[in-house]
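> Sequence order for the protein chains is A and B. Under this note's numbering, read the first sequence as residues 36 to 167, first letter to last. Under this note's numbering, read the second sequence as residues 2 to 56, first letter to last. A virtual CB, placed ideally from N, CA and C, is assigned to each residue, including glycine.
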Amino acid sequence: MAALIDYVVILAHALSTIIGIWVAYLTFKIAKKNVGVSTYWTLFSMAAILNVTHGVMFLIKVGLLFNLFSVASLMALVQQGMALPLPSGMYAFAHTIFAIQGMLFAVAGFMMLQFYTKLSLDMNAMMSKGKK
Amino acid sequence: MTKKDQCKKLMSDFFGPATAEKVDAMDENNCVEQCKTIVTNFLGPEKAKEFDNIN
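#1: Given that A:MET162 touches chain B, what residues does it touch there, using C-beta distances under 8 Å?
#2: Consult DSSP for B:ASP28 and reduce its assignment to one of helix, strand or coil.
#3: Using the rule of at least 16 other Cβ atoms within 10 Å of the residue's Cβ for burial, across every protein chain shown, is A:LEU121 buried or exposed?
#4: Taking C-alpha atoms, which residue in A:HIS89, A:SER163 and A:SER51 lies nearest to A:VAL169?
#5: Give the secondary structure of A:GLN105 by DSSP, where H, G and I count as helix, E and B as strand, and everything else as coil.
#6: Write down the C-beta distance between B:LYS5 and B:GLU29 rounded to the nearest angstrom, noting that I regard them as a contact closer than 8 Å.
#7: Which residue's Cα is closest to the Cα of A:LEU85: A:LEU156, A:ILE53 and A:SER163?
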């Protein structure tokens, strides 16, 4: 059962990472054309940070599943690197924040995509009607 | 400033430069009406009133 949950978690991470990168790419394409440079950089850097973080989390999960390293050794490495004690619950808290941010970003990306796609289609239809 | 230029400016303010460029393909006589319809459909009649000031 535990292994099944691990596989589901891995699949969810892989899917959310792939979908997140795809939405970020499409949003980037539209934002670059329509919204302007500063907004595009804000959106794109947000998506990049989110997806890189999610990707790293995913790799850590894979590493743990295949016993490439243990949670204790990972925490020791993080604590050594940061020279700070890691409070318990920090991982879950950070993950929740990233998940909420990711969902908001994905919703915003899809809304933007939907809006500009409909706008473009409507304008094309109106112009072709006008020419007839 | 032509009607097309004024429409382009308003469409750029509302939707951005890529959408404003589409006004180039519109007819000078119909562009105000067409842009007003688009803005009414997407942003509401209040915003579309901006097109009433185009001469």
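To lay it out plainly:
#1: LYS23, ALA26, MET27 and GLN35
#2: coil
#3: With a pLDDT of 48 at A:LEU121, under the threshold of 50, the predicted position of this residue should be treated as unreliable, though the coordinate-derived value follows. Burial call: exposed.
#4: Nothing in the structure corresponds to residue 169 of chain A, since chain A is present only between 36 and 167.
#5: Going by the sequence as given, residue 105 of chain A is Ser instead of Gln. A:SER105: coil per DSSP, three-state reduction.
#6: 6 Å
#7: A:ILE53
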